[in-house]
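Structure first, then comments.
Structure (structure tokens):
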């Protein structure tokens, strides 16, 4: 007999798995039992696949691959329904990629772990609903913040919450930790960095801790896409390092992931030293709280530990780490013409150039670790009334700012935003200790530039550091939000 072919009315998950659906609403019984978010009942569900095309300029430079839709779709006048509508979700992701990674941005993508995740997303989304929802929530949040679209922000929060609930159900059902969870948790803590509420940093730390717990159960040697897995682990290590050394939540950070999947690379070796620095910082905090009679003995022990780590770091850097990189800082590089969207107009130091972004990031991490150790030495000697010198700290902070200037170039900013935020926040703390207003203000003017990459949480960090400056200088905190100068009294 003729007639229209049979088409299941089941939810998207059951149709994809080709199993019978009970048509339960809002979620079917199979999805609830499986612990997966139910994508709902959508007619004419068409999957739009992406392709990534790498092109090169006549000079051999790689141009970032641009996301291309194989199937064209009509642009929607208003994104009213995000959850479950594949066409709209594809449009959001495509717009996110075009905004975040412009087609004309030059880079070899060698150390861009964020771009690697996004370029893998089209294939991962077909295999993991959890990854699909977490990335779409992030993309929608980024676009909504850019366009001031409150309705899209509302939809982004709904998708984000559904992803969180889906992960919670998987864990409650005893599912073993896997890469799907690890990737999603990495996206979650990046999502929180795009928020401006007071809980953003605490929520971000919660996801970092969750990703660290999951990373302990992963075997990084058996996966087919080992470079991609390692790139995502590196992103997790950067996030952990930022919280361990830069925020008031440092005492809560679990640094286990810094030694997970360690390879004999300069970057991994430096991450291992970060864990030691975090221990030194906690020891200093305990000494400040004690204020007991054994203060000289405690400080002497801490000074000894700091000096050992400082000596080991400098020796290993000169003999092992730096020689294995593809080059060092370039002082006389031909930097692009100044762009106010790239760096503050007043530059007190000549920016460095580097053979690659990966090398620039590694140098920033080295100088930050050395600055942290020297800052602990300075504060410990202050407790003993030794009148320590500020010059060793200032040297490190200045070197960080020279490296940051390279990372803030247009082709590097998106890939290095997290590292720039990490370096600038450390340099700012040093300039507060040294009462160097000019350099401190320069650092504060970097924050609004970083926020254009989507990390709107920097607005809160900016205000906190300005408040700290005013407190240290014993002056009144102003409320003017116009610029870094207006924040300072």
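In full-length UniProt numbering, the protein residues as written are 1 to 489.
By construction, the Cβ of each residue, glycine as well, lies at the ideal position given by its N, Cα and C atoms.
Please read all numbers here as calculations on a predicted model, not as lab measurements.
Euclidean distance between Cα positions of residue 328 and residue 416: 18 Å
Through-space distance from residue 10 to residue 88, alpha-carbon basis: 21 Å
Cutoff 6 Å; reference residue 121; Cβ partners in own chain excluding five residues on either side: 135
Candidates 232, 140, 438: closest to residue 94 by CA position: 140
Simplified DSSP state of residue 454, which is helix, strand or coil: coil
Residue 27 to residue 149 span [Cα, whole Å]: 28 Å
Touching by the beta-carbon criterion (3+ pairs, under 8 Å), the segment 371-389 and the segment 196-210: no
Alpha-carbon to alpha-carbon, residue 324 and residue 128: 38 Å
Bridge-paired residues (DSSP) for residue 328: In DSSP, residue 328 forms no bridge with anything.
Residue 118 burial status per 10 Å Cβ neighbour count (16 or more: buried): buried
Local conformation of residue 353 per DSSP, three classes: strand
Enclosing alpha helix (DSSP H) for residue 143 [first to last residue]: 129-147
At least three beta-carbon pairs within less than 8 Å, the segment 383-403 to the segment 350-359: yes
Residue ranges of each beta strand (DSSP E) within the segment 159-209, 3 or longer: none
Backbone CA spacing between residue 363 and residue 309 [nearest angstrom]: 17 Å
Alpha carbon of residue 373 to alpha carbon of residue 178, nearest angstrom: 36 Å
Backbone secondary structure at residue 423 - three-state DSSP: helix
Residue 164 versus residue 123 - alpha carbon distance: 21 Å
Distance between beta carbons of residue 207 and residue 490, contact taken as under 8 Å: For residue 490 there is no data in the structure shown, the boundaries of the chain being 1 and 489.
Residue from 359, 314, 265 whose Cα sits closest to the Cα of residue 330: 359
Residue 440 and residue 469 closer than 8 Å at C-beta: yes
Touch test, the segment 235-247 against the segment 276-293, Cβ-Cβ under 8 Å, three pairs minimum: yes
Residue-level contact to chain B via CB, residue 404, 8 Å cutoff: Included in the structure is just one protein chain, with no chain B present.
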